[in-house]
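Numbering-wise, the sequence shown is residues 7 to 389 according to my numbering. In this text, a Cβ means the ideal position worked out from N, Cα and C, and glycines have one as well. What follows is a set of notes on a single structure, which appears directly below.
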Amino acid sequence: MTVTAARGFLASGVAAGIKESGDPDLALVVNQGPSRAAAGVFTSNRVQAAPVRWSRRMLADRRLSAVVLNSGGANACTGPAGTEDTRLMAERTARAVGADAHDVAVCSTGLIGVPLPMDRVTAGIDTAAGRLSADGGEDAAVAIRTTDSVHKTAVAPRSGWTVGGMAKGAGMLAPGLATMLVVLTTDAEADGPALDSALRAAVRTTFDRVDSDGCMSTNDTVLLLSSGASGVAPDDKEFAEAVHAVCLDLARQLVADAEGASKEIEVAVVGAASEEDAVTVGRSVARNNLLKCALHGEDPNWGRVLSAIGTTDADFDPDRLDVAINGVWVCRDGAAAEPRDKADLSGRRVTVTVDLRSGNDSAVIWTNDLTAEYVHENSAYSS
């Protein structure tokens, strides 16, 4: 189950002809209420696509009735025409589903700088509106894929209420969200401020901790919509935990499907003087291309971990650093410890643990290895 796991939501996904392949490329998610509270988090990239600017403005009143999403074109860096196309997408969706255009969020993903074929987009919106159903979540998740090899969905059922979601993303995965579109839904009763608080807390330790390739997108959008259809109002802690669970599930799926990846790498930093230090060190390790290549080659080269740590301003003593790779402490006190060949890197999942021995804070960053397949895919992305 996905965005339609929560009561009060309909969804659909269709092939509108935006992609030359003919694959599904347009999705709708509609909130039937009775509540239409919503919240959103967007890319921190200063170059932002027209749909991001539109949706951010529309969420000022923390209310949404529908979301229209397309793959096959980012509608980013497309000038005034792109802004107008975004408005037209919202208006056409509003007319098709019986909503106000100012209650419609727009999300686009694909190649930057190329105008959308609006005749196909608008016709696709009408087709998608005619196929809306409570079972349409899977189709919607498929329709928002770009270089994703699989569609991504998650659900957290609770006593009498549910949080569900879908995501797309496989490359340009870095903080400030990652290049992704995410729609989360819930039938719990929660107002806009409660949704905003839960979403931001979840994003901070899930999507914002995904760092696949250090590249930040122009289109990142994460939306959370509440229908209130369950009639259940969970306490803030329980609700936040459910939203976090769905975000974490989807974030791990993003890393697992990263372009060309053969290893899913978890960088766990412990013993930090602050959470900020832990995140800084984790990001530096996760972004170290030499380490990412080493782990792809199943080489537990802990020296590259220490080298990455040393580029940060975190609080640590170089002679007190400990590093474990898949549970083997290959480095103690900044020097060689257990034999490297004890670290088995033959599996897909790899854990790199860094103990700064400077405090009690910690953080986890998720990344992947760097492969020839990643280079190939991105060398030919626009052609």
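Residue 203 by DSSP, collapsed to three states: which one? Position 197 of the sequence shown, counted from the first residue, corresponds to residue 203. Correct three-state label for residue 203: helix.
Bridge partners - residue 174, DSSP secondary structure assignment: As a first step, residue 174 is located in the sequence shown; it is residue number 168 there, counting from the start. Partner(s): 187.
Over what stretch of residues does the beta strand (DSSP E) that includes residue 163 continue unbroken? Within the sequence shown, the letter at position 157 stands for residue 163. Element bounds for residue 163: 158-164.
Mind checking whether residue 350 and residue 332 have CB atoms under 8 Å apart? Against the sequence shown, residue 350 aligns to sequence position 344. Against the sequence shown, residue 332 aligns to sequence position 326. Yes.
Thinking residue 279 and residue 321 are a contact (beta carbons under 8 Å), I'd like their distance in whole angstroms, please. Taking the first residue of the sequence shown as position 1, residue 279 is located at position 273. Taking the first residue of the sequence shown as position 1, residue 321 is located at position 315. Their Cβ separation, rounded to whole angstroms, is 4 Å, which keeps residue 279 and residue 321 in contact under 8 Å.
Can you tell me whether residue 40 is buried or exposed, with buried defined as 16 or more other CB within 10 angstroms of its CB? For the purposes of this step, residue 40 is taken as residue 34 along the sequence shown, with counting starting at 1. The residue in question, residue 40, is exposed, as its Cβ has fewer than 16 Cβ neighbours within 10 Å.
Find the nearest neighbour of residue 235 within the set 69, 193 and 7, judged by alpha-carbon distance. Your numbering for residue 235 matches position 229 in the sequence shown. When only C-alpha atoms are compared, the closest one is 193.
Residue of 59, 53, 372 and 165 minimising C-alpha distance to residue 216: As a position in the sequence shown, residue 216 is number 210, starting the count at 1. If we check each option's Cα against that of residue 216, 372 comes out closest.
On the DSSP bridge assignment, give the partners of residue 167 in chain order. The count along the sequence shown starts at 1 and reaches residue 167 at position 161. 164, per the DSSP bridge assignment.
Between residue 84 and residue 130, is the Cβ-Cβ spacing less than 8 Å? In the sequence shown, residue 84 corresponds to position 78, counting from 1. In the sequence shown, residue 130 corresponds to position 124, counting from 1. Contact flag unset, no.
Looking at residue 329 and residue 311, is the spacing between their C-beta atoms short of 8 Å? As a working mapping, residue 311 is identified with position 305 in the sequence shown. As a working mapping, residue 329 is identified with position 323 in the sequence shown. Yes, they are a contact pair.
Alpha-carbon spacing of residue 155 relative to residue 103, whole angstroms: As a working mapping, residue 155 is identified with position 149 in the sequence shown. As a working mapping, residue 103 is identified with position 97 in the sequence shown. Cα-Cα distance, rounded: 30 Å.
For residue 31, which residues of its own chain have a beta-carbon under 7 Å away from its beta-carbon, when the five flanking residues on both sides are left out? On the sequence shown, residue 31 is found 25 positions in, with the first residue counted as 1. 21, 22, 24, 25, 76, 77, 78 and 149.
For residue 376, which residues of its own chain have a beta-carbon under 7 Å away from its beta-carbon, when the five flanking residues on both sides are left out? Taking the first residue of the sequence shown as position 1, residue 376 is located at position 370. Counting only Cβ-Cβ distances below 7 Å, and skipping sequence neighbours, we find 295, 298, 299 and 302.
Through-space distance from residue 360 to residue 13, alpha-carbon basis: Residue numbering aside, residue 13 sits at position 7 when the sequence shown is read from its first letter. Residue numbering aside, residue 360 sits at position 354 when the sequence shown is read from its first letter. Approximately 43 Å, taken between the alpha carbons.
Selected residue, minimal CA-CA separation from residue 29, among 38, 35, 19 and 36: Position 23 of the sequence shown, counted from the start, is the residue given in the question as residue 29. That would be 19, whose Cα lies nearest to the Cα of residue 29.
Quick one: what's got a C-beta closer than 6 Å to residue 315's C-beta in the same chain, skipping five residues either side? The residue given as residue 315 occupies position 309 in the sequence shown. Same-chain partners within the cutoff: 287.
Any idea which residues DSSP pairs residue 5 with across the strands? Residue 5 is absent from the model: the chain starts at 7 and stops at 389.
Own chain residues within Cβ distance below 6 Å of residue 97, not counting five before or after: Here residue 97 is taken as the residue at index 91 of the sequence shown, counted from 1. Answer for residue 97: 107, listed in chain order.
Go ahead and pull the three-state DSSP assignment for residue 213. Working through the sequence shown from its first residue, we reach residue 213 at position 207. Of the three classes helix, strand and coil, the one that applies to residue 213 here is helix, per DSSP.
So which of 285, 190, 366 and 198 has the shortest CA-CA distance to residue 7? Working through the sequence shown from its first residue, we reach residue 7 at position 1. Among 285, 190, 366 and 198, the Cα nearest to that of residue 7 is on 190.
Residue 160 to residue 82, Cα distance in whole Å? Locating residue 160 in the sequence shown gives position 154, where the first residue counts as 1. Locating residue 82 in the sequence shown gives position 76, where the first residue counts as 1. When rounded, the distance between both Cα atoms is 28 Å.
Within the same chain, show all residues whose beta-carbon is closer than 6 Å to that of residue 17, passing over the 5 residues directly before and after it, in chain order. Along the sequence shown, one-based indexing puts residue 17 at 11. Correct list, in chain order: 9, 10, 35, 142, 143 and 146.
From 355, 63 and 206, pick the residue whose C-alpha is nearest to that of residue 304; which is it? Here residue 304 refers to the residue found at position 298 of the sequence shown. Nearest C-alpha to residue 304: 355.
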